[in-house]
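To start, the structure under review is shown below, and the notes come after it.
In my numbering, the protein residues as written are -8 to 411.
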């Protein structure tokens, strides 16, 4: 019976057949729960605890994400060169120290808003190098035929943690204050560090050989040439940018919706974040079957983008907290599934030797959209309010996405159909 259950899981989620991927999945899962706890605690710390300035929510988000725009392409080149195992352990240790430092500042009542800005910048710099390395390491743990499964499980992990971490954080903040959330996040990095330490990685998968003495500049240019020769990838990245740009203001302004509009406090804020995560996790767990069922992925993208628009627009005008929870669940599914679909389509066509660089372009596109979305939201929310900010995002998202899809539809549809 147990053997039969394992076989069923293996067929449903093929990436879990890999011992190393299972270690990554468990360790990263614990760490991500801690990270989401800190994310919620950090947003609540900024507004309303430390300041009453709503614009700071978007500003801190932009400060955290901007280093990725500048450094992630370099991070992608390095991801194809460095010892992935040792470097990942180093980066996770940096994250742990950063979280523990903020915990000490909060515990001693020394925390100031500039500390939050500085920590956001430092963590953003680490993330710029760590994200492409982490994705490259993760994808090296499975066979190429299981990449879509690995990506869907990774998305499920991220969103599952998003459903658990904020709920725990809301209860902790209400009962014990903000500091313990930072402490628990610091400790959570121990799980992923231990998981990486005991992975059985061959030297070939741990470190890429330098093909000749190729310079960083030459390696970067090779990635550019690959994207130019595969123009449909540029179209997919353009759609990804719009998705990030116009859905992120909702996430950025959630504390305002929870505190000012619905009057639900930190627990309500945690619930909204959690329902986004639950929807994303559900979408990711069903992604592998959905992805294989749709032979041509273009109609799937159209449906997912239309669903994302509907959720943003209705969320903007919703007067019911419980309707907004349902929309968060619905929207979390659509956005997570769309992101994973685009990522899978890009990665399936990417050679292993270029994976780190192409992942860095993907990261810059996704994070760049989030950073710009956070900045735009923070710039206008004080003038037009959170509802109009989100509604304007929904309308712009619909118009620009439809424009790109109508201009490239036939060629993109043909290419995606040929990828089956």
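Positions of the beta carbon are idealized from the N, C-alpha and C atoms, including for glycine.
In this text the structure is predicted, and so the values were computed from the model without any measurement.
Classification of residue i by the beta-carbon crowding that lies within 10 angstroms, buried from 16 upward
i, result
"residue 203", "Per-residue confidence for residue 203 stands at a pLDDT of 47, beneath the threshold of 50, marking its modelled position as unreliable; no derived number is given."
"residue 45", "buried"
"residue 398", "exposed"
"residue 290", "exposed"
"residue 257", "buried"
"residue 401", "exposed"
"residue 286", "exposed"
"residue 67", "buried"
"residue 166", "exposed"
"residue 138", "buried"
"residue 215", "exposed"
"residue 153", "buried"
"residue 161", "buried"
"residue 168", "exposed"
"residue 302", "buried"
"residue 223", "buried"
"residue -1", "Low confidence applies here, because residue -1 scores a pLDDT of 45, under 50, leaving its location unreliable; read the following figure in that light. It counts as exposed."
"residue 381", "buried"
"residue 107", "buried"
"residue 310", "exposed"
"residue 37", "buried"
"residue 131", "buried"
"residue 405", "exposed"
"residue 372", "buried"
"residue 136", "exposed"
"residue 344", "exposed"
"residue 11", "buried"
"residue 73", "buried"
"residue 195", "Here the model assigns residue 195 a pLDDT of 47, short of 50, so the residue's position is not dependable, and the following value carries that caveat. Residue 195 is exposed by the Cβ-count criterion."
"residue 228", "buried"
Residue closest to residue i, alpha-carbon to alpha-carbon, out of the options
i, options, result
"residue 120", "347, 264 and 341", "347"
"residue 208", "56, 69 and 402", "69"
"residue 448", "333, 261, 62 and 373", "Because the chain here runs from -8 to 411, residue 448 falls outside it and cannot be looked at."
"residue 145", "18, 311, 93 and 284", "18"
"residue 174", "330, 91, 301 and 140", "91"
"residue 104", "386, 281, 43 and 167", "43"
"residue 164", "354, 35, 309 and 328", "35"
"residue 336", "295, 407, 386 and 385", "407"
"residue 329", "282, 380 and 81", "282"
"residue 60", "403, 357 and 380", "357"
"residue 89", "334, 259, 16 and 118", "118"
"residue 296", "31, 230, 220 and 84", "230"
"residue 26", "155, 112, 147 and 75", "155"
"residue 151", "332, 112, 317 and 16", "16"
"residue 122", "294, 354, 359 and 142", "354"
"residue 159", "383, 317 and 259", "259"
"residue 124", "109, 81 and 370", "81"
"residue 255", "33, 4 and 39", "39"
"residue 64", "294, 213, 79 and 387", "213"
Residue j beta carbon less than 7 Å from that of residue i
i, j, result
"residue 97", "residue 170", "yes"
"residue 350", "residue 100", "no"
"residue 342", "residue 261", "no"
"residue 253", "residue 306", "no"
"residue 368", "residue 326", "no"
"residue 361", "residue 176", "no"
"residue 193", "residue 6", "no"
"residue 243", "residue 48", "yes"
"residue 115", "residue 240", "no"
"residue 226", "residue 14", "no"
"residue 9", "residue 133", "yes"
"residue 76", "residue 187", "yes"
"residue 304", "residue 385", "yes"
"residue 340", "residue 31", "no"
"residue 143", "residue 331", "yes"
Contact test: residue i Cβ vs the ligand ZN heavy atom, cutoff 6 Å
i, result
"residue 353", "Ligands in the displayed structure: none, and consequently the ligand ZN is not present."
Does the structure place the stretch 229 to 245 close enough to the stretch 6 to 23 that three or more beta carbon pairs sit under 8 Å? As far as the Cβ criterion goes, the stretch 6 to 23 does not touch the stretch 229 to 245, which means the pair count is below three.
Using a Cβ distance threshold of 8 Å, determine whether the stretch 381 to 396 contacts the stretch 267 to 287, with at least three qualifying pairs required. no
Inter-stretch contact at 8 Å, needing at least 3 Cβ pairs: the stretch 176 to 185 / the stretch 40 to 57: no
Could you tell me whether the stretch 264 to 275 touches the stretch 319 to 338, using the rule of 3 or more Cβ pairs below 8 Å? yes
Using 8 Å as the threshold, is the stretch 370 to 385 in touch with the stretch 242 to 249, meaning 3 or more CB pairs across them? yes
At what residue ranges does the stretch 182 to 251 contain a whole run of the alpha helix (DSSP H), taking only runs of 4 or more? The stretch 182 to 251 contains these whole alpha helix (DSSP H) runs: 194 to 197, 207 to 220 and 222 to 243.
Considering only residues of the stretch 65 to 122, which uninterrupted alpha helix (DSSP H) runs meet the minimum length of 4 residues and lie entirely inside it, listed in chain order? 75 to 98
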